[in-house]
Amino acid sequence: MSGAGKTVCVTGASGYIASWLVKLLLHRGYTVKASVRDPNNPKKVDHLLKLEGAKERLHLFKANLLEEGSFDAAVVGCEGVFHTASPFFHAVTDPQAELIDPAVKGTLNVLNSCSKASSVKRVVVTSSIAAVAYNGKPRTPEVVVDETWFSNPDFCKEMKMWYVVSKTLAEEVAWKFAKEKGLDIVTINPAMVIGPLLQPTLNTSAEVIANLFNAQTYGNSTFGWVNVKDVANAHIQAFEIPSASGRYCLVEKVAHFSEIVQILRKHYPESQLPQKCADDKPFVPTYQVSKEKAKSLGIDYITLEESLKETVESLKEKGFIGTSSNISLNEARNVFDEMPTRDVVFWTSMIFTYGMAGDGETAITLLQPFQICKIPKSPVIPFPSFQFCQLTTMGNY
Numbered sequence: 007m008s009g010a011g012k013t014v015c016v017t018g019a020s021g022y023i024a025s026w027l028v029k030l031l032l033h034r035g036y037t038v039k040a041s042v043r044d045p046n047n048p049k050k051v052d053h054l055l056k057l058e059g060a061k062e063r064l065h066l067f068k069a070n071l072l073e074e075g076s077f078d079a080a081v082v083g084c085e086g087v088f089h090t091a092s093p094f095f096h097a098v099t100d101p102q103a104e105l106i107d108p109a110v111k112g113t114l115n116v117l118n119s120c121s122k123a124s125s126v127k128r129v130v131v132t133s134s135i136a137a138v139a140y141n142g143k144p145r146t147p148e149v150v151v152d153e154t155w156f157s158n159p160d161f162c163k164e165m166k167m168w169y170v171v172s173k174t175l176a177e178e179v180a181w182k183f184a185k186e187k188g189l190d191i192v193t194i195n196p197a198m199v200i201g202p203l204l205q206p207t208l209n210t211s212a213e214v215i216a217n218l219f220n221a222q223t224y225g226n227s228t229f230g231w232v233n234v235k236d237v238a239n240a241h242i243q244a245f246e247i248p249s250a251s252g253r254y255c256l257v258e259k260v261a262h263f264s265e266i267v268q269i270l271r272k273h274y275p276e277s278q279l280p281q282k283c284a285d286d287k288p289f290v291p292t293y294q295v296s297k298e299k300a301k302s303l304g305i306d307y308i309t310l311e312e313s314l315k316e317t318v319e320s321l322k323e324k325g326f327i328g329t330s331s332n333i334s335l336n337e338a339r340n341v342f343d344e345m346p347t348r349d350v351v352f353w354t355s356m357i358f359t360y361g362m363a364g365d366g367e368t369a370i371t372l373l374q375p376f377q378i379c380k381i382p383k384s385p386v387i388p389f390p391s392f393q394f395c396q397l398t399t400m401g402n403y
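All the letters of the sequence shown, read from the start, carry residue numbers 7 to 403 under this note's numbering.
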């Protein structure tokens with residue numbers, strides 16, 4: 007379907023999935039109203055403004071997830087709204103304020119704006135497999151997870167899986183709101199999203215792959231994986247296909263980190279990749295995720311192997327991985343500039359850790375933002391493990 011003459015809105019447009027969504031929508035001829043927290047921040051919007059068709063058909067709007075009514079201007083006049091904006095990280099000190107409130111209240115604020123705009127025909131909400139598969143049920147190779155599964159927020163709170171809680175509660179309130187207001191919504195529930203990056207910053211799921219390079223061990227974890235281009239395309243299909251409804255799980259393959267490392271070693275044999283698991287426990291088992299409903303959107307999945315190759319090549323192109331250093335000076339500066347004060351101690355620990363691990367290049371790179379910003383000397387800190395200081399813990403996963 008051509009989007010010529012049609013206007014849609016994408017919230018959180020500077021994000022990983024959203025950037026690809028904007029790109030594909032522009033390619034299809036849509037006019038896109040894109041909401042971002044700061045339209046004047048070049049690190050957040052320049053990559054969007056450079057997209058083909060952006061000059062003529064991309065319009066930026068400032069919006070805040072926690073500010074009621076801030077999405078009104080962005081959604082008015084739109085036939086479709088793609089709500090992707092939601093915080094995505096694990097290392098939090100206040101889960102309610104940092105994760106749950108932005109996800110839940112943000113979803114309600116966007117849907118409220120949509121309900122006031124008579125032009126809006128459908129809202130496609132970016133949910134997650136996190137809202138599907140975490141309920142205490144066993145997940146083993148013969149188990150098939152599908153759209154009828156729902157994560158249990160009480161179970162997730164007990165396990166302190168705060169990101170999962172935020173996505174589960176956000177989807178719950180979305181369906182409740184839609185039922186009460188008669189709003190047509192569809193949710194897209196992808197697993198771990200990988201593939202090429204459009205944005206200049208390192209997103210969490212791609213960072214998971216980046217951190218396997220020069221790591222000593224890999225995690226004893228199993229995830230579903232899917233390509234970002236397939237996820238963006240599924241959003242568009244869910245809007246364009248009149249019969250689309252309910253939830254759509256998007257998982258090309260469920261794989262343990264040992265398989266991820268094996269694929270990476272096959273294609274990058276000269277790279278330093280981990281040789282062993284982080285613990286001696288039996289591997290967390292894989293499971294299945296049904297692809298039946300996703301087929302109705304016409305999704306022909308890019309394979310996990312191809313997705314990993316695309317991810318690594320993109321990470322290399324942007325300087326996030328190389329021969330010995332996982333982080334470039336520009337990225338170090340960018341991360342440090344946006345880092346809360348409480349993390350200065352942790353950043354210092356990373357410098358010591360990389361130096362002691364023999365990666366002097368990374369240690370020096372991480373040291374330079376301190377010198378540039380004239381940060382005072384850090385207090386005495388406990389020495390953490392090398393694995394703990396891998397950049398995953400610095401991410402917004």
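Each residue gets a CB set at the ideal place from its N, CA and C atoms; glycine is no exception.
Distance CB(residue i)-CB(residue j) smaller than 8 Å
{"i": "Tyr-293", "j": "Val-151", "result": "yes"}
{"i": "Asn-233", "j": "Gly-201", "result": "yes"}
{"i": "Tyr-254", "j": "Ala-261", "result": "no"}
{"i": "Val-82", "j": "Ser-125", "result": "yes"}
{"i": "Ser-25", "j": "Leu-54", "result": "yes"}
{"i": "Thr-17", "j": "Phe-88", "result": "yes"}
{"i": "Pro-108", "j": "Pro-291", "result": "no"}
{"i": "Thr-113", "j": "Ala-176", "result": "yes"}
{"i": "Thr-90", "j": "Ala-136", "result": "no"}
{"i": "Val-14", "j": "Leu-31", "result": "yes"}
{"i": "Lys-282", "j": "Thr-223", "result": "yes"}
{"i": "Leu-203", "j": "Ala-216", "result": "no"}
{"i": "Leu-270", "j": "Val-318", "result": "yes"}
{"i": "Phe-183", "j": "Gln-278", "result": "no"}
{"i": "Ala-80", "j": "Ala-69", "result": "yes"}
{"i": "Asn-226", "j": "Asp-285", "result": "yes"}
Boundaries of the beta strand (DSSP E) in which residue i is found, first to last residue
{"i": "Gly-201", "result": "That residue, Gly-201, is in no beta strand (DSSP E); it is neither H nor E in DSSP."}
{"i": "Gly-112", "result": "Run containing Gly-112: none in the beta strand (DSSP E); it sits in the alpha helix (DSSP H), 107 to 122."}
{"i": "Thr-37", "result": "37 to 42"}
{"i": "Thr-174", "result": "Premise fails: Thr-174 lies in the alpha helix (DSSP H), 168 to 187, not in any beta strand (DSSP E)."}
{"i": "Thr-13", "result": "13 to 17"}
{"i": "Pro-147", "result": "Premise fails: Pro-147 is in no beta strand (DSSP E) and is neither H nor E."}
{"i": "Val-192", "result": "191 to 196"}
Nearest to residue i (by Cα), restricted to the options the options
{"i": "Glu-311", "options": "Val-267, Thr-228, Gln-281, Leu-218", "result": "Val-267"}
{"i": "Ala-139", "options": "Leu-55, Thr-228, Ala-60, Tyr-307", "result": "Thr-228"}
{"i": "Ser-296", "options": "Asn-195, Asp-160, Leu-117", "result": "Asn-195"}
{"i": "Glu-104", "options": "Ala-60, Ser-20, Phe-77, Trp-168", "result": "Trp-168"}
{"i": "Leu-256", "options": "Val-318, Ala-123, Ala-250, Val-199", "result": "Val-199"}
{"i": "Ala-40", "options": "His-65, Ala-60, Leu-314, Gly-59", "result": "His-65"}
{"i": "Glu-265", "options": "Gly-230, Glu-186, Val-116", "result": "Gly-230"}
{"i": "Thr-99", "options": "Pro-48, Lys-49, Lys-166, Val-131", "result": "Lys-166"}
{"i": "Ile-23", "options": "Val-131, Pro-288, Ser-121, Ile-247", "result": "Val-131"}
{"i": "Arg-34", "options": "Leu-303, Ile-242, Ile-308, Glu-298", "result": "Ile-242"}
{"i": "Asn-239", "options": "Gly-252, Leu-203, Asp-306, Leu-270", "result": "Asp-306"}
{"i": "Phe-77", "options": "Lys-111, Lys-61, Glu-186", "result": "Lys-111"}
{"i": "Lys-122", "options": "Trp-155, Thr-154, Cys-84", "result": "Cys-84"}
{"i": "Val-116", "options": "Glu-164, Leu-72, Ala-197, Tyr-274", "result": "Leu-72"}
{"i": "Asp-160", "options": "Ala-212, Ala-216, Ser-251, Ser-172", "result": "Ser-172"}
{"i": "Ser-133", "options": "Pro-144, Lys-272, Phe-156", "result": "Phe-156"}
{"i": "Ser-313", "options": "Ser-302, Phe-289, Lys-259", "result": "Lys-259"}
{"i": "Glu-153", "options": "Ser-251, Asn-118, Val-28, Asn-47", "result": "Ser-251"}
{"i": "Leu-303", "options": "Thr-309, Ser-277, Ser-249", "result": "Ser-249"}
{"i": "Asn-46", "options": "Phe-67, Val-237, Gly-225", "result": "Phe-67"}
{"i": "Glu-58", "options": "Gly-142, Val-38, Arg-145, Lys-299", "result": "Val-38"}
Proximity test, Cβ basis, 8 Å: residue i and chain C
{"i": "Glu-58", "result": "The structure shown has no chain C; it contains just one protein chain."}
N-terminal and C-terminal residue of the alpha helix (DSSP H) that residue i is part of
{"i": "Leu-64", "result": "Careful: Leu-64 lies outside any alpha helix (DSSP H), inside the beta strand (DSSP E) at 64 to 68."}
{"i": "Met-128", "result": "Checking the displayed sequence, the identity of residue 128 turns out to be Arg instead of Met. Per DSSP, Arg-128 belongs to no alpha helix (DSSP H); it is in the beta strand (DSSP E), 128 to 132."}
{"i": "Pro-159", "result": "159 to 164"}
{"i": "Phe-1", "result": "Residue 1 is absent from the model: the chain starts at 7 and stops at 403."}
{"i": "Pro-48", "result": "48 to 55"}
{"i": "Leu-32", "result": "22 to 33"}
{"i": "Leu-270", "result": "263 to 273"}
{"i": "Asp-78", "result": "78 to 81"}
{"i": "Glu-73", "result": "Element bounds for Glu-73: n/a, residue is neither H nor E."}
Check: residue i C-beta below 7 Å from any heavy atom of the ligand HEM
{"i": "Lys-315", "result": "Ligands are entirely absent from the displayed structure, and the ligand HEM is therefore not among its contents."}
Entirely within the stretch 216 to 260 and at least 4 residues each: give me those alpha helix (DSSP H) ranges in chain order. For the stretch 216 to 260, whole alpha helix (DSSP H) runs of length 4 or above, ordered along the chain, are 234 to 246.
When the Cβ atoms of the stretch 314 to 329 are set against those of the stretch 202 to 210, are three or more pairs found closer than 8 Å? The stretch 202 to 210 and the stretch 314 to 329 touch, with three or more beta-carbon pairs separated by less than 8 Å.
My parser needs the alpha helix (DSSP H) runs of 4 or more residues fully inside the stretch 305 to 333; what are they? Taking 4 residues as the shortest admissible run, the stretch 305 to 333 contains the following complete alpha helix (DSSP H) segments, listed from N- to C-terminal end: 310 to 323.
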